[in-house]
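Novice: Okay, here's the structure, questions in a sec.
Numbering (our numbering), first residue to last: 2 to 172.
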């Protein structure tokens, strides 16, 4: 197993551990339960994104791409195009990303939301967008729904990794 494959599995394992802890708020003080949940949700998203980035390196390594940095699907697509390589695994990922109803697209939007707080409509007198201070820590109204959504994304990511690895072995 390559170091990238190992890294992908480590990230998925870490996401699973954090997800299991997400439901364990009974030992937490009521004052920190919401922060505990929000922190764990973001940590699971972070590890899933890390698994995706490591998977991109796996795909590139299998295709014998020259060393590079691929932080997004677009980075790897551009590098493959520049090196005249066809990466069927990348096409699968791009299709999932472009389908706004896919689990992958929904996951990507949720991950991006961790970095970009919601902006209130309109700008203040200085022309600067005002940020809703209540959204600085994303509080989940329905943590069970969040946990189920994260579990679905984790299971889907693991299935995707397994499927892509099978197709990579064929090449």
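Positions of the beta carbon are idealized from the N, C-alpha and C atoms, including for glycine.
All of these numbers come straight from a predicted model, not from anything done at the bench.
1) What residue from 99, 152, 166 and 55 has the CA that sits closest to residue 8's CA?
2) Enumerate in chain order the residues of its own chain whose CB-to-CB distance from residue 16 is below 6 Å, with the five nearest sequence positions on each side excluded.
3) Any chance the CB of residue 148 is under 7 Å from a heavy atom of the ligand ZN?
4) Which residues in the same chain have their Cβ closer than 7 Å to the Cβ of residue 145, if we skip the five residues on either side of it in sequence?
5) Taking C-beta to C-beta, are residue 158 and residue 13 nearer than 8 Å?
6) According to DSSP, is residue 6 helix, strand or coil?
7) Contact defined as beta carbons within less than 8 Å: I believe residue 95 pairs with residue 74. What is the distance between those atoms, to the nearest angstrom?
8) Considering only the beta carbon of each residue, do residue 81 and residue 97 sit closer than 8 Å?
9) May I ask you to report which of helix, strand or coil DSSP gives residue 26?
10) Checking 8 Å against the spacing of the C-beta atoms, do residue 23 and residue 41 come in under that value?
11) Distance check for residue 25 and residue 32, CA to CA, integer angstroms please.
12) I'd like to check one pair, residue 64 with residue 71: are the Cβ atoms closer than 8 Å?
Specialist: Judging by the given coordinates:
1) Closest by alpha carbon: 55.
2) Closer than 6 Å at the Cβ level, and outside the excluded window around residue 16, lie 45, 48, 49 and 155.
3) With respect to the ligand ZN, the structure offers nothing, as it holds no ligand at all.
4) Because the pLDDT of residue 145 is 49, which lies under 50, any placement of that residue in the model is unreliable, and the question is left without a value.
5) Closer than 8 Å, so yes.
6) Residue state, collapsed to three classes: helix.
7) Your pair residue 95 and residue 74 checks out as a contact, with CB atoms roughly 6 Å apart and the cut at 8 Å.
8) No. Outside cutoff.
9) Looking at residue 26 - three-state DSSP - the assignment turns out to be coil, as it is neither helix nor strand.
10) Note that the C-beta distance between residue 23 and residue 41 is below 8 Å.
11) Residue 32 and residue 25 have their alpha carbons spaced roughly 15 Å apart.
12) Contact: no.
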